[in-house]
Amino acid sequence: MLANLGYGALIIALMVCIYGIGAALYGVIREKNVWVNSARNAMLLTAPLITLSVVAIVILLIDGNYELDYVASVTSNSMPLYLKITALWGGQAGSLVFWSWLMSLFASAVTLRRWDRDREFLPWVIIIVLVTLTFFLCLNIFLENPFARLWQMSGGLIVKSMLPPSGAMLYMQSDGNGLNPLLRHFGMIFHPPMLYLGFVSFVIPFAFALAALITGRTDDRWIRITRRWTLVAWLFLSLGLVLGSRWAYDVLGWGGYWGWDAVEISALMPWLSGTAFLHSIIIQEKRNMLKQWNMALIILTYDLVIFATFLTRSGVLSSVHAFAQSAIGPLFFAFIALTFLVSIALLMHRWNDLKSDSHMTSLFSREALFLLNNLLFMGILVVCFWGVIFPLLSEVFTGQKVTVGPPYYKAASGPLFAGLLLLMGVAPLAAWGRSTYKTLGRAIWKPAIFAIIGIGWAIVEGVKNPWALLGFGLCALVTGVIVEEFWRGARARQRTKGENFVLALWRLAGRNRRRYGGYIIHLGVVFMALGIIGIELFQTNTQATIAQGEQITLDGYVLKYEKLSIFDTEDRRNIARAVVHVYKDGRFVQELYPRRDFYYESQQQMTIPGVRSTWEDDLYIILVEWEPVSAESATFKVFRNPLINWLWFGAIIFMLGALAAALPEKEGIVQIRQVKHSEYSTAKV
Amino acid sequence: MFVKHLLHILSEENRFSRMRQISHICGFLIAIMLFFVFEAGAQSPPPTPSDDEINAIASELYCPVCENVPLDVCGTQACEQWRGVIRDKLMEGWSNEEIKQYFVELYGDRVLATPPAKGFNWLVYLVPPLVILAGVYWMVQLFSRRKKTVSQSEATINLEQEEYISRLEEELKKR
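Protein chains in written order, with my numbering: chain A, 1 to 685; chain B, 686 to 860.
Shown next as structure tokens:
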């Protein structure tokens, strides 16, 4: 009953979407506002309908209605309530409904904004958002139905279908398979929603961009409307990526945070183009340049969002044959191709209208450096895109599968990331318009002292690796620039307003959140870079099999294997848990418990490392193997990950900066004040 | 004593017995050599490679089943067996390269972390730098085009100004 209700809500939502598209089109062609308003109401209606469907799935998951294929595949009786709820995005069908639901919420939020000044955009934004939503709803209704039931045919065969096949009986299991153990982690609970929020919120700026292309209103109005949407999208996407990294670090048991896996890269790609877009639109706002480029970037970001979902959901990554066999793959491919081609055609159509009157005047101007920043982001994007699709191309054209693994991405993107760090230091010092190497040189000498101190300190600490020294120097340079920017601004306020330094600093950042939020984001990136340099260039590891009482040594640490206990838990896990004593410089520092959990339901295992975390490093111990009965000896793999916690700390600073930048400015208040002032002046005259 | 005996054998007087005794000595020397060879073999059997030595090779290999998970951290039984094969090959004295090549011959190039630079695979290494270079070229063009446009427009303005000034001067002369 509940399943029928949920499925019915999805079908009605699809019909409402199709109606909305038709009504908006009719309204705009016939210039009848009543139809556009009707389409607007249709878009608003999609949110409660899909919410109904989501609530139905969640209740079915909590209740354990195992006659539903989706429920049986992602939940089990022993799972706690919160995991049953989050199982909504634990499988293919559920995560697609979740995608649609978030999309409908964002669509409603857009619908509810004031449209007085941008009435001509409205019908086109409705059409573009609803076309995207229609596509995802179609996937759910026709291909990946979370409400499909399991039926047992007379021959014993189990089939999946919404309606009963003739002669079949409902197949009811007493328990489900349970959620993949790897997904039972806080990082994986929040990682997909954040990533999806990022994905769907990028649809909004894309819809406005296309509306601007269609209507011919090619000034920067669409950018001003969607600036905050873009920042919010970017914030969520960044958060999703960081949570995913933390999950990998805690759960996958290989001592790293980023494996350059195709799924990870597919989420990184829209982030790269989105970050380039965020920088590039500043040039358009300040200098009225790069209008064509900004359009191209947002089109690219939108299609990369769909491409990321396609890569993870179509099975194409395991093999092109899996892609061809799945029904979902070709549909996704067709949708990406269609939206991309239509968008590019529109861009070409308006190409001349988007030409700028302003010129690049200097190679050392801020806009030139921002453009270089875009080039580097695009370079990393090309490396990622090509690395992900090359194995597929190789399989198609030569019949041979190849692996494009981490060494490729690290070698190709490392120098580009270093270039970005350098630009983060230099670009804020360059002026808009005309700027020469002399003016830039005069501005950079103070931060350069920071860089020299940074390198000197690293050398004193015993760092010899030239790449690490370069990295630390760049980090120090960027920190110097940020400190100077805050210092200069606060001192200026102190002089003019007579405020104390702390208040001046607070108000300075508060009055220009976007700019100073940006600097905080840069500071977060510096800390993250420290962590990345630490783990990438200085990680050490060792593996050994030792008996109880014996020890392993690694970089000044001594690990003594004390004992191992094996036991079952109530939630049907078998746990093998080792006790390891950690000594540093001959002194006992901590007891760690690396363990291996085996899940009886899914017959899968999960490696949970024992970790000792400090600002200096993480000692990360994995229990690899042990003697089954006596546990007399066990095999441990030990990693020392220098500076890794700066990565997580930097990520928090990064998010705070992004949040500060995304908060609304007091623009409205200022405008009202200005209006009142001008009215007053007019009245006086 | 041994030298004295040798000289005695080599002396001219003992020709017949010399041949016999040389063969005895050769046999004795061979026996000693063989003893040392076998003794040496018995004393140092092929050393068991450490886990770190195995992982050093395993970290550069990917099994065809586990997508994008290097062999040194993969927990599947198949990967465990592969690591066992690496151990055996190391014990047999194979070099790292020989072991990697062994897996390539068995399972194809996909076991390597990056595609070997040959044939179609060259594209994976050439396309990104070429695209980035194209981007750099586009940027350079953007600047040079802008400069041209600016200088051309400045020239046009100058020309227009010159015409205007000459016209102005002529009109002033007429007055």
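The beta carbon of each residue, even a glycine, is placed where N, CA and C say it ideally should be.
- The Cβ atoms of B:V758 and A:W254 lie closer than 8 Å to each other.
- Take B:S744, set aside five residues on each side of it, and the residues of its chain with a beta-carbon closer than 6 Å to its own are P755 and D757, in chain order.
- In the pairwise beta carbon analysis, the segment 63-76 of chain A is classified as not touching the segment 99-116 of chain A: fewer than three pairs are separated by under 8 Å.
- H359, M360, T361, L363, A368, L371, L372 and L375: these are the residues of the segment 354-377 of chain A whose beta carbon lies less than 8 Å from some beta carbon of chain B, given in chain order.
- Around the beta carbon of A:Q603, fewer than 16 other beta carbons sit within 10 angstroms, so the residue counts as exposed.
- Counting of Cβ neighbours within 10 angstroms places A:T496 among the exposed residues, the total staying below 16.
- Under the Cβ criterion of 8 Å, B:P732 is not counted among the residues facing chain A.
- Under the Cβ distance rule, B:N781 does not count among the residues neighbouring chain A, no pair being separated by less than 8 Å.
- What B:G778 touches in chain A, judged by beta-carbon distance under 8 Å, is nothing: the nearest beta carbon there is about 22 Å away.
- G793, D794, R795, V796, L797, A798, T799, P800, P801, G804, F805, N806, L808 and V809: these are the residues of the segment 782-809 of chain B whose beta carbon lies less than 9 Å from some beta carbon of chain A, given in chain order.
- For the segment 389-404 of chain A, the residues whose beta carbon sits under 9 Å from a beta carbon of chain B are, in order, F390, P391, L393, S394, F397, T398, Q400, K401, V402, T403 and V404.
- Around the C-beta of A:L96, 16 or more other C-beta atoms lie within 10 Å, and the residue is accordingly described as buried.
- Separation of A:Q284 and A:N37 (C-alpha to C-alpha, rounded to the nearest whole angstrom) is 32 Å.
- Across the set B:Y747, B:V821 and B:I742, the C-alpha of B:I742 shows the shortest separation from the C-alpha of B:E782.
- Within 8 Å of the CB of A:T275, no CB atom of chain B is found; the nearest one sits about 16 Å away.
- DSSP places B:L797 in no alpha helix (DSSP H); its state is neither H nor E.
- Taking the CA atoms as reference points, A:E562 sits about 6 Å from A:G549.
- With distances taken between CA atoms, A:L347 lies nearest to A:F206 out of A:N500, A:G456, A:L237 and A:F206.
- Burial is judged here by how many other beta carbons sit within 10 angstroms of a residue's own beta carbon; A:G657 has at least 16 and is buried.
- Contact check for A:E601 and A:N294: beta-carbon distance about 50 Å, past the 8 Å limit, so the pair fails to qualify.
- For A:I652, there is no enclosing beta strand (DSSP E); the residue is found in the alpha helix (DSSP H) stretching over I644 to A662.
- Just measuring C-alpha positions, the residue of A:N465, A:Y593, A:M528 and A:Q292 sitting nearest A:R350 is A:Q292.
- Taking 9 Å as the upper bound on Cβ-Cβ separation, chain B lies near residues N541, T542, Q543, A544 and T545 of the segment 541-575 of chain A.
- Using a Cβ-Cβ distance cut-off of 8 Å, the segment 17-31 of chain A and the segment 59-69 of chain A are not in contact, since fewer than three pairs of beta carbons, one from each stretch, lie closer than that value.
- Taking a Cβ-Cβ threshold of 9 Å, the residues of chain B close to A:Q605 are G760, in chain order.
- Taking 4 residues as the shortest admissible run, the segment 106-167 of chain A contains the following complete alpha helix (DSSP H) segments, listed from N- to C-terminal end: 122-138.
- The three-state secondary structure of A:T479, taken from DSSP, is helix.
- For the C-beta of B:I817, the chain A residues within less than 7 Å are, from N- to C-terminus, G379 and V382.
- For the beta strand (DSSP E) assignment, the uninterrupted runs of no fewer than 3 residues enclosed by the segment 542-583 of chain A are, from N- to C-terminal side, 551-554 and 557-568.
- For A:F277, the closest C-alpha among the options A:L381, A:G534, A:L45 and A:L440 is that of A:L381.
- Chain-ordered, the chain A residues with CB closer than 7 Å to the CB of B:L827 read M360.
- Annotated three-state conformation of A:Y408 is helix, per DSSP.
- DSSP places A:N177 outside both helix and strand once states are collapsed to three, so it counts as coil.
- Chain B places no beta carbon closer than 8 Å to that of A:Y583, leaving this residue out of the contacts.
- DSSP places A:D69 in the uninterrupted alpha helix (DSSP H) bounded by D69 to V74.
- Residue burial annotation: A:E536 is buried, with at least 16 other C-beta atoms found within 10 angstroms of its C-beta.
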